[in-house]
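In this note's numbering, the protein residues as written are 7 to 253.
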């Protein structure tokens, strides 16, 4: 079943009506070629509720009949923030897509010292908009209750300050040891907590950046005996967390 996101104002529970507007209209009408009577799923906010609807009419807007509401929440019980060092090429699109599928709450691009990619204001804004589109498409496909935000690009120092107020702060580091400790830290994450995960770009973080992170209470962890690529490391951590947190 196809899923779409709307604003809360587009859902009228008392009248059992849902209106879909914007680019989704063309997608439903001309790409999916859906017809009146067919069913689709709508999410309308961070409450985790899914609205099952039947299409009534297709015009400039899509008018739907609200049939029933599913109360089950598909979101992870902890909020995971992925602080991702800017990678080369189009790797960020893959990272955003898979992170959303795995349940991330927000992706924060980080301009670390060893990042090859350098984005000025206009380029950063355009890239962020592109990544947000990828996040929305992935949220639809994976039936998320929310569309995770892709934040504006931060410097490493700004990223560490942003993460300082979070409950758990982790940074995979190639010189870290003790997989048992990594396991304990991940298994200790509980419902309601906020979790920051720092992933370096190609080449990793500089020692000064690691020192700054450790000074702010970020815990270094190991992901095993092998060196993972930047597009793999974050997804490995998120997969582990999803496994441990799923009810």
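For each residue, glycine too, the CB sits at the ideal point set by N, CA and C.
Predicted model, so just to flag it, every value in this text is computed and none were measured.
Exercise for the section: Report yes or no: do three or more beta-carbon pairs, one from the stretch 87-98 and one from the stretch 158-169, lie closer than 8 Å? Expected result: Pairwise C-beta distances place the stretch 87-98 in contact with the stretch 158-169, as three or more of them are shorter than 8 Å.
Exercise for the section: Would you kindly work out how many angstroms separate the C-alpha atoms of residue 79 and residue 152, rounded to a whole number? Expected result: Residue 79 sits at position 73 when you count from the first residue of the chain shown. Residue 152 sits at position 146 when you count from the first residue of the chain shown. Answer to the nearest angstrom: the Cα atoms are 10 Å apart.
Practice task
In the DSSP assignment, find the unbroken beta strand (DSSP E) run with residue 171 in it and report its ends.
Solution key: What you label residue 171 is simply residue 165 of the chain shown in a count that begins at 1. Membership of residue 171 in any beta strand (DSSP E) is not indicated, and neither H nor E is assigned to it by DSSP.
Handout entry: Helix, strand or coil at residue 115 according to DSSP, with G and I counted as helix
Key = Counted from its first residue, the chain shown places residue 115 at position 109. Strand at residue 115.
Handout entry: Cβ distance (whole Å) where residue 57 is taken to contact residue 75 below 8 Å
Key = Along the chain shown, read from residue 1 onward, the residue named residue 57 stands at position 51. Along the chain shown, read from residue 1 onward, the residue named residue 75 stands at position 69. Contact flag correct, Cβ pair sits at about 6 Å.
Exercise for the section: Mind the definition here: the stretch 117-135 touches the stretch 188-200 only if three or more C-beta pairs lie below 8 Å; say whether that holds. Expected result: The answer is no - the stretch 188-200 does not touch the stretch 117-135, with fewer than three Cβ pairs under 8 Å.
Handout entry: Pick from 118, 37, 63 that is closest to residue 211, judged by C-alpha positions
Key = The residue you call residue 211 lines up with position 205 of the chain shown. Per the Cα distances, 118.
Problem - Alpha carbon of residue 43 to alpha carbon of residue 64, nearest angstrom - result: Numbered from 1 along the chain shown, position 37 holds the residue referred to as residue 43. Numbered from 1 along the chain shown, position 58 holds the residue referred to as residue 64. Going from the Cα of residue 43 to the Cα of residue 64 covers about 11 Å.
Problem - Closest by C-alpha distance to residue 36, when choosing among 12, 67, 19 - result: Along the chain shown, one-based indexing puts residue 36 at 30. Nearest C-alpha to residue 36: 67.
Problem - Test: residue 120 CB closer than 7 Å to a CB of chain C - result: No chain C is part of this structure, which consists of one protein chain only.
Problem - Simplified DSSP state of residue 187, which is helix, strand or coil - result: Counting from 1 along the chain shown, the entry for residue 187 is found at position 181. Look at residue 187 here: in three-state DSSP terms it is helix.
Practice task
With residue 106 as the anchor, note down where its alpha helix (DSSP H) starts and where it stops.
Solution key: Within the chain shown, the letter at position 100 stands for residue 106. Per DSSP, residue 106 is one residue of the alpha helix (DSSP H) stretching across 97-107.
Practice task
Answer yes or no: do residue 26 and residue 10 have a C-beta to C-beta separation smaller than 7 Å?
Solution key: Counting from one through the chain shown, the residue named residue 26 turns up at place 20. Counting from one through the chain shown, the residue named residue 10 turns up at place 4. Yes.
Problem - Identity of the residues DSSP links to residue 160 by a beta bridge - result: As a position in the chain shown, residue 160 is number 154, starting the count at 1. Note: residue 160 sits in a beta bridge opposite 116.
Problem - Cβ neighbours of residue 204 in the same chain (closer than 6 Å, five flanking residues each side left out) - result: As a working mapping, residue 204 is identified with position 198 in the chain shown. Contacts found: 89, 177.
Practice task
Indicate whether the contact test is met: 3 or more Cβ pairs, each with one atom in the stretch 191-198 and one in the stretch 106-116, closer than 8 Å.
Solution key: Short answer: they don't touch.
Exercise for the section: Consult DSSP for residue 55 and reduce its assignment to one of helix, strand or coil. Expected result: Sequence index remark: in the chain shown, residue 55 carries index 49 (1-based). The answer is coil: DSSP assigns residue 55 none of H, G, I, E or B.
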